[in-house]
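Q: As given, the protein sequences belong to chains A and B, one line each in that order. 1 is the number of the first residue of the first sequence in UniProt numbering; add one for each residue after it. 1 is the number of the first residue of the second sequence in UniProt numbering; add one for each residue after it. Glycine included, every Cβ here is placed at the ideal spot set by N, Cα and C. Quick one: this structure, given as structure tokens, is what I'll be asking you about.
Protein chains: 2
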Amino acid sequence: MNFSSKLLEDAVNEFSKLPGVGQKTALRLVLHLLNKEQEEVELFGNALIRLRKEIKHCQVCHNISDNQLCNICAAAKREKEVICVVEDTRDVMAIENTGQYFGLYHVLGGLISPMDGIGPSDLFIDSLVQRVATTPVKEVILALSATMEGDTTLFYLYKRLKDFHVPITTIARGIAFGGELEYADEITLGRSIVTRVPYQTSLIK
Amino acid sequence: MNFSSKLLEDAVNEFSKLPGVGQKTALRLVLHLLNKEQEEVELFGNALIRLRKEIKHCQVCHNISDNQLCNICAAAKREKEVICVVEDTRDVMAIENTGQYFGLYHVLGGLISPMDGIGPSDLFIDSLVQRVATTPVKEVILALSATMEGDTTLFYLYKRLKDFHVPITTIARGIAFGGELEYADEITLGRSIVTRVPYQTSLIK
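Below is the structure:
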């Protein structure tokens with residue numbers, strides 16, 4: 001592109017480094033910001049700079065936090081003996097949004113993926129083992145994606161945790177609510193028959 | 001959404017004010033920035049803040065510029081007696097990218113649109129009339145979009161400029177290169193027959 005201004009070019013180039021943002025989209029967003037008040041643009045830029053500079057990770061569960069201890073780990077009302085292991089902070093937000101979970105979390109910071117060069121030592125796995133070894137834990141829930149990387153990580157975590165004789169569970173897999181059988185993929189449908197559960201009227205809403 | 005951090009929430013909210021960016025996309029972009037080096041995020045934030053603070057508009061053509069006079073108006077080699085009138089700086093970039101135009105520009109800053117409350121006085125129309133009245137001008141090219149607002153603006157500019165006896169032209173409209181006749185809309189095809197032009201072998205590449 002043929003920019004009339006170096007400032008404009010810099011801003012567009014910075015924006016187009018974001019994932020999924022090309023040069024045309026970047027230009028559109030930058031011109032949008034140019035039409036805003038100067039204070040608004042400063043709020044935007046400073047929010048990003050402050051975020052990167054001041055954000056912390058919870059010392060216990062490694063979730064993104066404003067303090068040394070995140071809101072969830074610091075809350076008095078949570079069940080402190082249940083740990084739900086997730087890939088990243090987005091999963092914590094998704095589970096919190098369900099309103100169905102009241103224990104603590106452990107954010108791994110990724111999944112084991114030899115293809116991307118991510119091994120167990122790149123993730124917060126040792127500190128999970130440490131938590132299970134040193135604090136009273138009643139249950140470890142492994143809530144990982146049903147992908148190759150998720151399954152690899154699941155198996156590795158199981159091997160590391162099994163000797164502590166703490167119940168290890170995974171989230172239920174099967175046909176989604178509202179999903180029709182004929183459109184479900186074969187593996188999901190097959191597994192959901194094999195892992196069928198007793199009918200519970202208490203779960204019907 | 002249920003944010004674990006106020007800093008994160010602020011950054012996501014600022015991002016989701018951008019056009020076409022929802023909360024989920026904003027979160028994805030913010031988490032991407034969190035994984036970058038602090039210097040990179042500062043470059044990004046500061047590029048936006050500096051842009052809004054330091055950007056100028058060319059005193060002659062109102063294009064976005066780093067200086068009082070934009071690169072195009074300041075260039076020695078351009079044909080200074082031809083003015084191409086466009087809606088905004090994106091159109092300047094699009095025409096510059098063709099490499100087919102060597103005159104100057106005049107950026108209106110929008111189009112007349114009574115529906116959006118934009119009248120002639122909100123645009124840089126008086127300064128265009130001033131340029132035509134006080135500097136030697138050989139031709140004014142009106143390169144506006146073929147929309148209702150574009151046509152309204154075109155007609156208004158024609159009325160304001162016609163008494164100066166300067167040739168006023170508009171960019172050619174018709175079937176796009178590579179376009180097939182059977183898929184062209186009726187108005188474009190009809191007009192392109194009415195405004196047919198002599199066959200010129202010199203334009204064949």
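For His-165 (chain A), does the count of other Cβ atoms within 10 angstroms reach 16, so buried, or fall short, so exposed?
A: Stepping through the first sequence from its first residue, residue 165 (chain A) is reached at position 165. Under this definition His-165 (chain A) is an exposed residue.
Q: Using 8 angstroms as the limit for Cβ to Cβ distance, is Glu-42 (chain B) near chain A?
A: Locating residue 42 (chain B) in the second sequence gives position 42, where the first residue counts as 1. So yes, Glu-42 (chain B) belongs to the interface.
Q: Do you know how far the Cα of Lys-24 (chain B) is from the Cα of Ser-65 (chain A)?
A: Residue numbering aside, residue 65 (chain A) sits at position 65 when the first sequence is read from its first letter. Residue numbering aside, residue 24 (chain B) sits at position 24 when the second sequence is read from its first letter. The alpha-carbon atoms of Ser-65 (chain A) and Lys-24 (chain B) are separated by roughly 19 angstroms.
Q: If you count every other CB in all the chains shown that lies within 10 Å of the CB of Asn-63 (chain B), and 16 or more means buried, which is it?
A: Your numbering for residue 63 (chain B) matches position 63 in the second sequence. Buried.
Q: Using CA atoms only, rank isn't needed, just tell me which of A:Asp-151, A:Val-82, A:Val-12, A:Phe-15 is closest to Ile-168 (chain A).
A: Position 168 of the first sequence, counted from the first residue, corresponds to residue 168 (chain A). Comparing Cα-Cα distances from Ile-168 (chain A) to each of A:Asp-151, A:Val-82, A:Val-12, A:Phe-15, the minimum goes to A:Val-82.
Q: Using three-state DSSP, classify Tyr-101 (chain B) as helix, strand or coil.
A: As a working note, residue 101 (chain B) is residue 101 in the second sequence. It is coil, neither helix nor strand.
Q: By the DSSP assignment, the beta strand (DSSP E) with Leu-142 (chain B) in it spans what residues?
A: In the second sequence, counting from the first residue as 1, residue 142 (chain B) sits at position 142. Here the beta strand (DSSP E) through Leu-142 (chain B) covers 139-142.
Q: When you compare the CB of His-32 (chain A) with every CB in chain B, is at least one pair closer than 8 angstroms?
A: If you number the first sequence from 1, residue 32 (chain A) lands on position 32. His-32 (chain A) counts as touching chain B.
Q: What are the residues in the UniProt domain "Toprim" (81-176) of chain B lying within 8 angstroms of chain A by C-beta distance?
A: The residues in question are Asp-88, Thr-89, Arg-90, Val-92, Met-93, Glu-96, Asn-97.
Q: At a Cβ threshold of 8 angstroms, is Lys-77 (chain A) touching chain B?
A: For the purposes of this step, residue 77 (chain A) is taken as the residue at position 77 of the first sequence. It does not; no Cβ of chain B falls within 8 angstroms.
Q: Ends of the beta strand (DSSP E) at Thr-170 (chain B)?
A: Along the second sequence, read from residue 1 onward, the residue named residue 170 (chain B) stands at position 170. Its beta strand (DSSP E) spans residues 168-170.
Q: For a minimum of 3 consecutive residues, which ranges assigned as the beta strand (DSSP E) are wholly contained in the region 155-202 of chain B?
A: The region 155-202 of chain B contains these whole beta strand (DSSP E) runs: 168-170.
Q: Does DSSP put His-62 (chain A) in a helix, a strand or coil?
A: Here residue 62 (chain A) is taken as the residue at index 62 of the first sequence, counted from 1. If DSSP states are grouped into helix, strand and coil, His-62 (chain A) belongs with coil.
Q: Along the beta strand (DSSP E) that carries Lys-53 (chain B), what are the first and last residues, could you check?
A: Residue numbering aside, residue 53 (chain B) sits at position 53 when the second sequence is read from its first letter. Element bounds for Lys-53 (chain B): not the beta strand (DSSP E) but the alpha helix (DSSP H), 38-54.
Q: Look at the Cβ atom of Arg-160 (chain A), then the Cβ atom of Val-140 (chain A), and state whether they are nearer than 8 angstroms.
A: The count along the first sequence starts at 1 and reaches residue 160 (chain A) at position 160. The count along the first sequence starts at 1 and reaches residue 140 (chain A) at position 140. Not in contact: Arg-160 (chain A) and Val-140 (chain A) (Cβ atoms no closer than 8 angstroms).
Q: By the 7 angstroms beta-carbon criterion, what residues does the region 40-69 of chain A contribute toward chain B?
A: Hits within the stretch, in order: Val-41, Glu-42, Leu-43, Phe-44, Gly-45, Asn-46, Ala-47, Leu-48, Ile-49, Arg-50, Leu-51, Arg-52, Lys-53, Glu-54, Ile-55, Asn-63, Ile-64, Ser-65, Asp-66.
Q: Step through the CB atoms of chain A and report whether any lies within less than 8 angstroms of the CB of Gln-38 (chain B).
A: Here residue 38 (chain B) refers to the residue found at position 38 of the second sequence. Closer than 8 angstroms: yes.
Q: Quick check on Val-107 (chain A): does DSSP put it in helix, strand or coil?
A: To locate residue 107 (chain A), count along the first sequence from 1; it is residue 107. Residue state, collapsed to three classes: strand.
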